[in-house]
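Each remark here refers to the structure printed beneath this line.
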Amino acid sequence: MIESPQSTVNKKVISVEDVHFAFGSEPQSKIIDGISFNTSEFEFVSVIGPSGCGKSTLLRIIAGLIKPTGGKVMYYDKEVIQPTGEITFIFQDSALLPWLTNLENVKLGLSAVKMTDNEKIKRSLEVLRKLGLKGFEDAYPNVLSGGMKQRVGVARALVSNPKVILMDEPFSSLDALTAMSLRNEVLSALKDPNIPLRSVILVSHNVEEAAELSDKIVILSNKPSRVKEIKTISIQQPRNTRSSTFQKIVDEVYATLAL
Amino acid sequence: MIGPLSELALLLLDTSYSWIRMLIALAISLLLSIFMGIAMARSKAVGRILVPLIDILQTLPILAFFPIAIYLVLAVLPGLIGINFAVIFLIITSMLWNMIFGVYEAIRTLPNELIEIGRMYRLTLYQRLKNIFIPASLPRLSEQMSLSWAIGLFYLVTSEIFSTGSQQYAVQGIGVDLANLGFSGNSAYYALGIAVFVIFVIVTRLTLFSFFDRFANKFSLVPYGKRKRESTFNLALKRPVTGIFNALRPYYVRLKDVLSSVGFKEALKATGYLVVVVFAILVALFAYPYISTSTVANLASYEFNSLESLLFSFLRIWGAFAAIIAVAIPISIYVVFLSTHRNSYLLIFQVLASIPATILLPLLVYVSKSGEVVAFLVFFLSGLWYVIFSIIASTKYLQINTDEIIRIFKVRGLYAWRKIYLKAIAPGLITGAVTAIAAEWNASIIAERFSSSSGAVLTSVNTGMGKLLDVSLSSGNLYLMLVALINMTAMIILFNTFVWKKFYDRITSVYS
Chain D
2 MIESPQSTVN
12 KKVISVEDVH
22 FAFGSEPQSK
32 IIDGISFNTS
42 EFEFVSVIGP
52 SGCGKSTLLR
62 IIAGLIKPTG
72 GKVMYYDKEV
82 IQPTGEITFI
92 FQDSALLPWL
102 TNLENVKLGL
112 SAVKMTDNEK
122 IKRSLEVLRK
132 LGLKGFEDAY
142 PNVLSGGMKQ
152 RVGVARALVS
162 NPKVILMDEP
172 FSSLDALTAM
182 SLRNEVLSAL
192 KDPNIPLRSV
202 ILVSHNVEEA
212 AELSDKIVIL
222 SNKPSRVKEI
232 KTISIQQPRN
242 TRSSTFQKIV
252 DEVYATLAL
Chain P
31 MIGPLSELAL
41 LLLDTSYSWI
51 RMLIALAISL
61 LLSIFMGIAM
71 ARSKAVGRIL
81 VPLIDILQTL
91 PILAFFPIAI
101 YLVLAVLPGL
111 IGINFAVIFL
121 IITSMLWNMI
131 FGVYEAIRTL
141 PNELIEIGRM
151 YRLTLYQRLK
161 NIFIPASLPR
171 LSEQMSLSWA
181 IGLFYLVTSE
191 IFSTGSQQYA
201 VQGIGVDLAN
211 LGFSGNSAYY
221 ALGIAVFVIF
231 VIVTRLTLFS
241 FFDRFANKFS
251 LVPYGKRKRE
261 STFNLALKRP
271 VTGIFNALRP
281 YYVRLKDVLS
291 SVGFKEALKA
301 TGYLVVVVFA
311 ILVALFAYPY
321 ISTSTVANLA
331 SYEFNSLESL
341 LFSFLRIWGA
351 FAAIIAVAIP
361 ISIYVVFLST
371 HRNSYLLIFQ
381 VLASIPATIL
391 LPLLVYVSKS
401 GEVVAFLVFF
411 LSGLWYVIFS
421 IIASTKYLQI
431 NTDEIIRIFK
441 VRGLYAWRKI
451 YLKAIAPGLI
461 TGAVTAIAAE
471 WNASIIAERF
481 SSSSGAVLTS
491 VNTGMGKLLD
501 VSLSSGNLYL
511 MLVALINMTA
521 MIILFNTFVW
531 KKFYDRITSV
541 YS
């Protein structure tokens with residue numbers, strides 16, 4: 002790994018410690034069977050695995066939306082028991098409230114933040130503008146394309162200046178170009194020390210996407226899922242996805258998945 | 031020309047009084063349904079208690095409780111305030127249940143992400159209600175309100191007409207006017223009254239409900255592009271139909287709930303039995319010093335009276351229901367599968383169905399002097415439209431497929447009826463039957479005996495539950511009324527558990 006100038010670089014942000022999850026007591030209801038990994042500051046971590054292996058459940062456990070049946074999730078030195086406000090979530094299909102305007106949807110991300118209403122509006126407009134949604138503030142989400150909706154979803158996540166962003170296959174239904182620009186948006190926010198964002202965890206089944214963005218890929222097995230391998234990728238950003246080094250990493254990840 | 035004009039003015043004024051009662055009841059139902067529905071859907075504990083309870087309340091013929099409600103309310107709140115309170119309370123009991131289930135189902139089917147947003151961004155309860163839960167429940171609520179309004183009108187008119195039967199309980203309202211005009215043989219004004227009533231119904235649909243529907247649909251989760259563009263008039267016509275269809279859906283949801291909480295249900299049942307036994311022992315202990323042979327004999331005769339009346343009403347109501355099926359099935363199959371003027375028929379049906387059957391009582395009494403014939407006709411008209419609308423609504427989504435199958439495979443004649451039409455309408459028929467039978471029981475309080483304000487009996491059967499309740503009220507025999515109500519309630523609950531549930535099980539296992 003390349004040494005970063007930040008002194009806190011090796012501080013753990015999110016630690017997943019031997020997390021188990023089952024829907025019932027029968028053996029076949031076991032979804033997650035002891036997963037551990039962690040993210041350091043300024044790290045982008047992807048979790049990939051076969052469909053139905055409990056990736057989304059894992060992400061919801063990290064967010065504090067679901068309680069694990071065993072193990073725990075630490076955010077710095079605090080255990081995550083419920084949503085904290087510092088860890089946010091970008092949903093698969095944007096999950097915007099269709100009856101609120103885009104501005105109101107973004108403002109929703111500031112609900113629990115102590116700010117005056119005017120400050121909230123100002124901050125929301127600023128983020129919307131930054132994500133290229135100027136002019137659509139007062140429109141409703143359903144008039145937007147899928148890509149623009151997801152931009153609003155990203156804006157809602159970024160507006161509260163979170164420390165951690167969890168992403169549940171947020172780009173899977175978008176066209177390649179839109180997906181790329183949104184990925185870069187998140188990635189540049191992560192690498193910018195002036196923005197409080199310290200870690201991103203992405204759940205995906207797209208190996209190329211994970212390899213392009215991640216400092217670390219956590220590869221999961223079939224249900225009940227365990228960690229097969231944690232692969233560190235130390236190629237510098239922006240990555241050339243056509244280089245042979247990159248292709249070699251992608252092939253290795255595929256090979257591990259297929260094992 | 032002073033006569034007809036002042037009569038018209040009076041009719042308009044009194045219909046407005048009736049409408050004010052309806053609107054108050056609707057507003058209260060709206061508030062209650064939003065909060066109860068959301069609480070039931072979001073809290074497992076609340077849901078487990080309220081879902082089965084409301085299920086029972088929904089099928090009880092609450093109009094039969096009107097006499098005792100009047101009796102009790104007037105004891106506390108005498109005069110016009112009391113009687114109006116009783117009428118409004120009664121209308122709420124007719125409107126509320128399906129609205130609650132509408133909200134309940136809207137929240138239950140809400141995408142999980144939208145609920146997670148509320149937790150993710152740590153919204154307060156108020157913020158969650160305002161931004162997520164209340165908006166999400168509005169489209170369903172709008173559909174249910176439409177159905178509730180129709181049922182509410184039936185209750186309003188029936189309770190108003192019932193109140194006419196005794197001078198001291200009469201309120202000012204269109205139901206009272208129609209009963210008085212009809213029974214005094216003033217047929218021209220009676221017809222004018224019905225016309226005023228129907229116009230009020232249509233105007234309310236095209237204004238208030240149309241407005242609320244447009245407002246509520248802003249909160250639909252269906253993207254704008256995918257929504258069908260329809261004229262307001264079309265919407266106004268179709269809404270009652272979709273309303274009824276949506277009223278049927280909670281039955282399926284509830285069935286699943288009940289099945290999944292069987293363990294809890296057993297426990298609840300056991301506790302219920304225990305409470306009843308303990309209560310019975312306590313009553314027996316307290317009552318022991320007062321019991322004489324004459325009170326026992328009295329109670330026994332009340333019980334015998336009730337069972338006998340129940341049996342006769344049961345036969346009458348199911349007889350009328352057989353006639354309803356004989357008429358409704360061919361009509362609905364014709365309209366749904368064979369006719370090319372489906373929408374024109376729907377328009378006619380909706381106007382006809384908007385006239386509560388009980389409003390026609392004076393006309394029916396005029397047609398026949400036989401109490402049996404009058405009762406049969408009131409029952410028949412009370413239940414008919416529920417069955418027809420329920421069938422038409424439930425086949426809405428089947429239609430295209432069956433039509434193609436019939437044409438491609440050239441299915442014809444009796445075989446098509448047996449294998450396609452009758453099977454296709456089965457779910458709608460069952461759900462329609464439940465509402466129709468409930469409506470018939472409700473109508474029984476004026477169908478089986480009705481007397482004018484001067485006390486003259488205008489129509490009456492020999493033996494029946496409606497008659498028993500009416501007689502026990504006018505003779506002030508509260509105990510007889512209670513015994514009769516307990517018997518009827520027990521019968522309805524037993525029937526729900528042992529007959530309707532079996533049908534639902536069959537239907538849901540095959541059709542859903």
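From first to last, the protein sequence lines are chains D and P. Quick note: the first sequence, position 55, residue 56 per this note's numbering, numbers continuous. Quick note: the second sequence, position 177, residue 207 per this note's numbering, numbers continuous. Ideal Cβ positions, reconstructed from N, Cα and C, are used throughout, including at glycine.
Query, Result
"Cβ closer than 9 Å: which chain D residues qualify as neighbours of residue 161 of chain P?", "98, 100, 101, 105, 109 and 112"
"Between residue 270 of chain P and residue 173 of chain P, what straight-line distance do the alpha-carbon atoms span, to the nearest angstrom?", "Its pLDDT being 42, under 50, residue 270 of chain P is placed unreliably in this model, and the value from its coordinates should be taken loosely. So the two alpha carbons sit approximately 7 Å from each other."
"Mind checking if residue 399 of chain P is an interface residue toward chain D, Cβ cutoff 7 Å exclusive?", "no"
"By how many angstroms is the C-alpha of residue 85 of chain P removed from the C-alpha of residue 98 of chain D?", "31 Å"
"Measure the CB-CB distance between residue 503 of chain P and residue 97 of chain P and report whether it falls below 7 Å.", "yes"
"Going by the beta-carbon positions, is the gap between residue 164 of chain D and residue 142 of chain D smaller than 7 Å?", "no"
"Buried or exposed: where does residue 200 of chain D fall if 16 or more other Cβ atoms within 10 Å of its Cβ makes it buried?", "buried"
"At the level of alpha carbons, what is the spacing between residue 409 of chain P and residue 69 of chain P?", "37 Å"
"In angstroms with no decimal places, state the Cα-to-Cα distance between residue 459 of chain P and residue 447 of chain P.", "15 Å"
"Looking only at its own chain, which residues have a Cβ that is under 7 Å from the Cβ of residue 140 of chain P, when we skip the five neighbours before and after it?", "166"
"According to DSSP, is residue 109 of chain D part of a helix, a strand, or is it coil?", "helix"
"Grouping DSSP H, G and I as helix and E and B as strand, with all else coil, what is residue 233 of chain P?", "helix"
"If we count Cβ pairs, one from each stretch, closer than 8 Å, do we get three or more for the region 82-91 of chain D versus the region 59-73 of chain D?", "yes"
"For a contact defined as C-beta to C-beta under 7 Å, what are the partners of residue 248 of chain P on chain D?", "100"
"Listed from N- to C-terminal order along the chain, which residues in the region 132-155 of chain P have their beta-carbon within a distance smaller than 8 Å of any beta-carbon of chain D?", "141, 143, 144, 146, 147, 149, 150, 151, 152, 153 and 154"
"If you run the structure through DSSP and keep just helix, strand and coil, what is residue 373 of chain P?", "helix"
"Can you give, in chain order, each stretch of the alpha helix (DSSP H) that sits fully within the region 49-79 of chain D and has at least 4 residues?", "56-64"
"Could you have a look at residue 139 of chain D and say whether DSSP puts it in helix, strand or coil?", "coil"
"Using a Cβ-Cβ distance cut-off of 7 Å, determine whether residue 6 of chain P contacts chain D.", "Outside the modelled stretch of chain P, which goes from 31 to 542, sits residue 6 of chain P, for which no answer is possible."
"Need the endpoints of the beta strand (DSSP E) that residue 491 of chain P sits in, please.", "Premise fails: residue 491 of chain P is in no beta strand (DSSP E) and is neither H nor E."
"If I'm right that residue 216 of chain D touches residue 45 of chain D with Cβ under 8 Å, what's the distance once you round it to whole angstroms?", "5 Å"
"Return helix, strand or coil for residue 243 of chain D, following the three-state DSSP convention.", "coil"
"What residues of chain P sit near residue 69 of chain D, judged by a beta carbon separation below 7 Å?", "Ordered by position in chain P, no residue passes the 7 Å Cβ test against residue 69 of chain D, which lies about 16 Å from the chain."
"Identify the contact partners of residue 50 of chain D in chain P, using a Cβ-Cβ distance below 7 Å as the criterion.", "Ordered by position in chain P, no residue passes the 7 Å Cβ test against residue 50 of chain D, which lies about 21 Å from the chain."
"Should residue 174 of chain P be flagged as near chain D, meaning a C-beta pair shorter than 7 Å?", "no"
"Using C-beta distances below 6 Å, list every residue in its chain close to residue 254 of chain P, excluding the 5 sequence neighbours before and after it, in chain order.", "With a pLDDT of 42 at residue 254 of chain P, under the threshold of 50, the predicted position of this residue should be treated as unreliable, though the coordinate-derived value follows. Here the set comprises nothing."
"Confirm, please, whether the CB-CB distance from residue 86 of chain D to residue 19 of chain D is below 7 Å.", "no"
"Between the C-alpha atoms of residue 254 of chain D and residue 157 of chain D, what's the straight-line distance to the nearest angstrom?", "32 Å"
"Let me see if you follow: with CB-CB separation under 7 Å, is residue 137 of chain D close to chain P or not?", "no"
"What is the rounded straight-line gap between the Cα of residue 332 of chain P and the Cα of residue 33 of chain P?", "49 Å"
"Please classify residue 152 of chain P: does DSSP put it in a helix, a strand, or coil?", "coil"
"Using C-beta distances below 8 Å, list every residue in its chain close to residue 115 of chain P, excluding the 5 sequence neighbours before and after it, in chain order.", "103 and 107"
"Can we say the region 111-127 of chain D touches the region 201-214 of chain D, given the rule of at least three CB pairs closer than 8 Å?", "no"
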